[in-house]
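Worksheet: the structure to be examined is printed underneath.
In UniProt numbering, the protein residues as written are 1 to 156.
Written as C-alpha cells, this is what we have:
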C-alpha cells in the first residue's frame, strides 16, 4: 500500500477544510503549507492591484517564503496538493513548496477551491517547479461535501 500525503495552502480556511476531509478519506498524512508571513485580509484583496496577492501573482517568478518544516517526502508515493485558485492558477506559494522539496518520481494530484474559475494553466505552471513529478489536474472541490470528496478519492 502506498503512503499518501495531503499538502495544502489555505488563505481563508476553505481549502483547509477540504484537505482535512481528503486526508481522512484517503487515510493520508496532512501537511499545511504556511507562508512565513501570514496573509491578511488586505493582502488577499484581488481588486487592489497593489495588494500582496496581486503583486505576487503578477510576477510568475515571485516565490513567497514558507515556514520551514521537517518532512520526509521520500516516504510518500502520492501527494494530493490543494490550494485556492488565484487569477486562474495556483498561488505562487505552491511553486515555492514544490521547489523546496524533492518530488522526483512522485504522483501529485491537484485539488482546488475556487470562487468561479477553473484550473486554467495550473498544471503547466506547476510542472516547471517539479519537473520530475507527474502532476495531474484533479478536481475543483468547491462545495467540499463529505460525499463529493469520498467519491472523488475513490475514483482515483
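Even glycine gets a Cβ: it sits at the ideal position worked out from N, Cα and C. These figures come from a predicted structure and were not determined experimentally.
Please determine, among 68, 123, 145, the residue with the shortest C-alpha to C-alpha distance to residue 37. Ranking 68, 123, 145 by Cα distance to residue 37 puts 68 first.
Would you kindly check if the distance between the Cβ of residue 27 and the Cβ of residue 77 is under 8 Å? Not in contact: residue 77 and residue 27 (Cβ atoms no closer than 8 Å).
In this structure, what does DSSP give as the bridge partners for residue 80? Residue pairing from DSSP places residue 80 in a beta bridge opposite 6, 109.
Determine the contact status of residue 85 and residue 33, defining contact as a CB-CB distance below 8 Å. The answer is no: Cβ separation not under 8 Å.
Taking C-beta to C-beta, are residue 110 and residue 136 nearer than 8 Å? Residue 136 sits close to residue 110, with the two beta carbons spaced by under 8 Å.
Beta-carbon proximity list for residue 64, same chain, < 7 Å, skipping 5 on both sides: Excluding positions up to five away in sequence, the list reads 35, 56, 92, 93, 96.
Consult DSSP for residue 152 and reduce its assignment to one of helix, strand or coil. Correct three-state label for residue 152: helix.
Buried or exposed for residue 115, going by 16 or more other Cβ atoms inside 10 Å? With fewer than 16 other Cβ atoms within 10 Å, it is exposed.
Identity of the residue in 12, 151, 126 nearest residue 81 by Cα: Minimum Cα distance to residue 81 is reached at 126.
Exposed unless 16 or more other CB atoms sit within 10 angstroms - verdict on residue 98: Around the beta-carbon of residue 98, 16 or more other beta-carbon atoms lie within 10 Å, marking it buried.
Here's the rule: buried if 16 or more other CB atoms are within 10 angstroms of the residue's CB, otherwise exposed. What is residue 156? Residue 156 counts as exposed, since fewer than 16 other beta carbons sit within 10 angstroms of its beta carbon.
What residue range is occupied by the uninterrupted alpha helix (DSSP H) comprising residue 18? First-last of the alpha helix (DSSP H) with residue 18: 14-26.
Tell me, please, which residues DSSP counts as bridged to residue 86. Secondary-structure assignment with DSSP links residue 86 through a beta bridge to 89.
Under 8 Å Cβ to Cβ from residue 48, same chain only, skipping five residues before and after it: list those, please. Spatial neighbours of residue 48 in its own chain (CB-CB distance under 8 Å, excluding positions within 5 residues in sequence) are listed in chain order as 42, 54.
Ignore the nearest five residues each way along the sequence and tell me which others in residue 123's own chain have a CB closer than 8 Å to its CB. Excluding residues within five positions, the ones whose Cβ falls inside 8 Å are 110, 135, 136, 137.
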